[in-house]
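S.K.: Just so you know, this note's numbering puts 18 at position 4 of the sequence shown, and the rest follows in order with no gaps.
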Amino acid sequence: MFQAQNPDCLFCKIVKGEIPAKIIYKDEKCVAFHDIDPQAPTHFLVIPKVHIGSCGEINGTNSQVVCRCFEVISKVTKELGITDFRVVSNCGAQAGQSVPHLHFHVLAGRDMTWPPG
Ligand code: 5GP
Ligand code: ZN
Numbered sequence: 015m016f017q018a019q020n021p022d023c024l025f026c027k028i029v030k031g032e033i034p035a036k037i038i039y040k041d042e043k044c045v046a047f048h049d050i051d052p053q054a055p056t057h058f059l060v061i062p063k064v065h066i067g068s069c070g071e072i073n074g075t076n077s078q079v080v081c082r083c084f085e086v087i088s089k090v091t092k093e094l095g096i097t098d099f100r101v102v103s104n105c106g107a108q109a110g111q112s113v114p115h116l117h118f119h120v121l122a123g124r125d126m127t128w129p130p131g
């Protein structure tokens, strides 16, 4: 069943302000905030306010907020003066997803290797 917010979800709690975060940007659809455990000199997350579990739950009904997330990534990186960066979304435990609310990691400020681990 569709849930705008999941009461047990960590990132829904950040959206609602129940858990503090270093917010960089927010609008009616998305929030960007610094990762609590940065893996690069710049590491922030962009999430939809609505609860979507992962990339595997994106569909024709909710994909507009995903487009907005990428607009936010473009806007925030420009504002931070970042031209080179990596966007990652882990989907599922085997891929390394630990928080089951769709999020896009934005990493910058160091050399990145490929393939990722
Ligand atoms: P995942 O492992 O699901 O791809 O990414 C989840 C990310 O959320 C991790 O990079 C982790 O450091 C970050 N994270 C987990 N809990 C919190 C929190 O309470 N606040 C913030 N700002 N980031 C968190
Ligand atoms: Zn959530």
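Quick reminder that beta carbons are idealized off the backbone N, C-alpha and C, glycines included.
To the nearest angstrom, how far is it from the Cα of Met15 to the Cα of Gln111?
M.R.: A caution first: Met15 carries a pLDDT of 49, below 50, which makes its placement in the model too unreliable to give a value.
S.K.: Taking 6 Å as the limit between beta carbons, can you name the residues of its chain near Lys30, skipping five residues before and five after?
M.R.: Closer than 6 Å at the Cβ level, and outside the excluded window around Lys30, lies no residue.
S.K.: Beta-carbon distances below 5 Å to any heavy atom of ligand 4 define the shell here; list its residues in chain order, please.
M.R.: With respect to ligand 4, the structure shown offers nothing to examine, as its ligands consist of ligand 1 and ligand 2.
S.K.: Is Cys26 near ligand 2, in the sense that its beta carbon is under 8 Å from a heavy atom of that ligand?
M.R.: Yes.
S.K.: So Ile38 and His48 are supposed to be a Cβ contact under 8 Å. How far apart are they, rounded?
M.R.: Between His48 and Ile38 the Cβ distance is about 7 Å, and since that is below 8 Å, they are a contact.
S.K.: Use the C-beta contact count for Asp22: other C-beta atoms within 10 angstroms, 16 or more gives buried, fewer gives exposed.
M.R.: Exposed: under 16 other Cβ atoms inside 10 Å.
S.K.: Could you check where the beta strand (DSSP E) with Leu59 kicks off and where it finishes?
M.R.: Residues Thr56 to Pro62.
S.K.: Can you tell me where the beta strand (DSSP E) holding Cys44 begins and where it ends?
M.R.: Start and end: Cys44 to His48.
S.K.: Let me know the secondary structure DSSP gives Arg82 once reduced to three states.
M.R.: DSSP places Arg82 in helix when its eight states are reduced to three.
S.K.: Is it buried or exposed, Ala109, if we count other Cβ atoms within 10 angstroms and call 16 or more buried?
M.R.: By the 10 Å Cβ count, Ala109 comes out exposed.
S.K.: Phe25 lies in the alpha helix (DSSP H); which residues open and close that run?
M.R.: Unbroken alpha helix (DSSP H) run through Phe25: Leu24 to Lys30.
S.K.: Would you check whether ligand 2 has a heavy atom nearer than 8 Å to the C-beta of Cys23?
M.R.: Yes; taking the cut-off as 8 Å, the Cβ of Cys23 has a heavy atom of ligand 2 nearer than that.
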